[in-house]
Each structure stands twice: as C-alpha cells, then as structure tokens.
Amino acid sequence: MMIVRKQEAYLALLLLVCGIGKISSARTLSTRSQKATAAHAAPKRADVIDDSLALPPARDLNLSIEGEHKAEALAHFVEGIDFEENGEMEKAVEAYRQVLNVDPGQIELAVRVAALLTRDDDYPSAIDVLKDAIKVHPKAPEPYLELAFIYAKYLKKVGQAIEFANKAIALDPLKIDGYQRLFEIHLTAGDEKKAVETLDRAAKLPSDDPIFWARLGRLYGSVILKPDAKPVPEQIARLNDVFKRAAAKGQNDAAVLKEAGDYFASTQQIKEALPFYLRVLELQPDDANVREKLATGFVL
Numbered sequence: 013m014m015i016v017r018k019q020e021a022y023l024a025l026l027l028l029v030c031g032i033g034k035i036s037s038a039r040t041l042s043t044r045s046q047k048a049t050a051a052h053a054a055p056k057r058a059d060v061i062d063d064s065l066a067l068p069p070a071r072d073l074n075l076s077i078e079g080e081h082k083a084e085a086l087a088h089f090v091e092g093i094d095f096e097e098n099g100e101m102e103k104a105v106e107a108y109r110q111v112l113n114v115d116p117g118q119i120e121l122a123v124r125v126a127a128l129l130t131r132d133d134d135y136p137s138a139i140d141v142l143k144d145a146i147k148v149h150p151k152a153p154e155p156y157l158e159l160a161f162i163y164a165k166y167l168k169k170v171g172q173a174i175e176f177a178n179k180a181i182a183l184d185p186l187k188i189d190g191y192q193r194l195f196e197i198h199l200t201a202g203d204e205k206k207a208v209e210t211l212d213r214a215a216k217l218p219s220d221d222p223i224f225w226a227r228l229g230r231l232y233g234s235v236i237l238k239p240d241a242k243p244v245p246e247q248i249a250r251l252n253d254v255f256k257r258a259a260a261k262g263q264n265d266a267a268v269l270k271e272a273g274d275y276f277a278s279t280q281q282i283k284e285a286l287p288f289y290l291r292v293l294e295l296q297p298d299d300a301n302v303r304e305k306l307a308t309g310f311v312l
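Counting with this note's numbering, you get residues 13 to 312 for the letters of the sequence shown.
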C-alpha cells in the first residue's frame, strides 16, 4: 500500500512538473521512483489510551495550493514516504513538516506528525502542529482527539483532555472515536463509572453504522467481561442489545456478524450465536473458521 501511494504521489508530481516547467525538487525525487522497500509499521501501544485512532498511514495529499508551492509540498511528501519506508522516522517527520509549512490544513498528515513527535517526547511541537491544523479546519475532530490523547497520557492534565475529547464528540457526535477516547481517559484516571456513562451516552445515538455498534460492544465488554468482573444480568442484556444492533445494521457485513456471533458464543449464548454464523456462511461460503464454530455450536 505504501508503494502504491508513493507511485501515485510521483505521478501527481510528474503531471504538475509538466504543467509548470522546471521544478528541481521534483526532478531530484523522480530518480528514485523505482525503489520499493518494505514499510516499517509504527509500534502500537499496549496502554488503555492508544493513539491508533489518530495515526493513519501517510496518504495522498489533497492540497489547497497550486503551482510551485504545490510541487514543493508533493516533493516533500514523497520524500517523507521514502524515509518512512526506510525506518528513518526523524527525517520523515522533518519532510512531512515541510509539507505542513506550505499547507498546514492537511488534517491526517498533521495528526500523524503530531503522533510521531509525541513518540519522541516533543509534546510542545506536537501540540503546535495540531493547533495550526485546527486554525485551518476548526470543525475537524481528529486534531482534538490527538490533543486529548497527549494531555491525558503524557501531560497528565485530565480536565483539559476531557474538554478536547468532548469537543471532538460535539464536532462529530455520530462517530465512535470521540466516545472511545473519552472512555479511555476516564478509565485510565480510575473512574470506571464515568467511563461506562460515556458508553451509555453513545448507546443512545441513532447511528446506522454497524462498526459504531461493534466497537461500542467491544468497549462495554472490556469492562463488563474483564477477568475479575462478575457481570449481572442487566449488564449482559445491555451487551446483547449492542451486538444485536451491530448485526442488524450490518446484515451484509461478515466481519460484524462474526464478531456478534463470537460475543454470544463467548458468553455461553450458543443459540443466539448460531444465526449470525449461518449468515456469515451465506456471505462467505468458504469461511472454514466459521464452519468450525458452527460445528462446535451444534454439538453443544
């Protein structure tokens, strides 16, 4: 995927060069267009609060600028991808920041750069990058999610982190990311009651997105079904409802249906799990894993 994105960026750069004439930065980069190396994935955190929500892979730019400035930004972007592929993350960040200097409104790139800066303990620079992005796109929730992560995880300023998470929710109330971030902040702060209340707040939304409900079910399950927990019938009923909603909204989504089936099977509700597995087989007849689960279910 990284190689494809790099090739597309090169193509965009080449077309731009043809249109505006000589651009030395683009010409320099074009000599490397045949290089393809293995991508180095950034390590994921094992902590409750995780920045995985806000660390998308580098993608093609939709620049709002034109002419030589656009070519310059594209050249730095391609250079950043090259550095990432080679595991040279500091150089990649430097190249990406050159893009943001030209066009600070690149939300996904800004969030990625902020996350990488955070991993190098450069919190002030990360915050500056995010706030610059907010100035250009004040209605984008992603920078607020990353700010919430930084303030909660590293600066230990829970109050401000909660404010940022709530701002992200206000900007996109039907997206699960903000609720997950707020849930994680409360849970890490030791306030499980408020963490669950955040999920209850999300459960009241009229979302038609099956992924929303599946992820909400996982978050509920991380509290209700943790090893030392003793769930009461009311809690199980709540989880049942969430996963049933996920399946109802995702009748043609095999991954969501399988997750719903796995939940019911793991809570010893085998009869409830079977219809979801059967539906998965209708969508994916060659799914050996689900066939095995079905066979086990019928034996039980």
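Virtual Cβ for every residue (Gly too), placed ideally from N, Cα, C.
DSSP, reduced to helix, strand and coil, places residue 200 within a helical segment of the structure shown.
Ranked by Cα distance from residue 262, the first of 273, 147, 222 and 239 is 222. No Cβ-Cβ contact shorter than 9 angstroms links residue 194 with residue 215. Leaving aside the five residues that flank residue 292 on each side, the residues in its chain whose CB is nearer than 8 angstroms to its CB run, in chain order, 266, 269, 270, 273, 299 and 302. Annotated three-state conformation of residue 100 is coil, per DSSP.
In this structure, residue 186 sits away from residue 211, with a CB-CB distance that is not shorter than 9 angstroms. Around residue 152, the same chain offers 119 as residues with beta carbons nearer than 6 angstroms, after the five sequence neighbours per side are excluded.
Residue state for residue 130 is assigned as helix, using DSSP reduced to three classes.
Ranked by how close their Cα comes to the Cα of residue 83, the residues 206, 114 and 184 have 114 in first place. Residue state for residue 237 is assigned as coil, using DSSP reduced to three classes.
Taking 8 angstroms as the upper bound for CB-CB distance, residue 160 and residue 142 are not in contact here, some 10 angstroms apart. Rounded to the nearest angstrom, the gap between the Cα atoms of residue 281 and residue 217 is 26 angstroms. Residue 197 places its beta carbon 9 angstroms or farther from that of residue 227.
Boundaries of the alpha helix (DSSP H) around residue 268: 266 to 278. In the DSSP annotation of this structure, the continuous segment of the alpha helix (DSSP H) that includes residue 171 starts and ends at 170 to 183.
The criterion of a C-beta distance shorter than 9 angstroms is not satisfied by residue 158 and residue 208.
Linking residue 104 to residue 130 through their CA atoms gives a straight-line distance of about 14 angstroms. The shortest C-alpha to C-alpha distance from residue 132 to any of 252, 162 and 297 is the one to 162. Between residue 243 and residue 251, the CB-CB gap stays under 9 angstroms.
Residue 260 has its alpha-carbon roughly 24 angstroms from the corresponding atom of residue 308.
Judged by DSSP secondary structure, residue 137 falls within the alpha helix (DSSP H) whose first and last residues are 135 to 148.
Annotated three-state conformation of residue 242 is coil, per DSSP.
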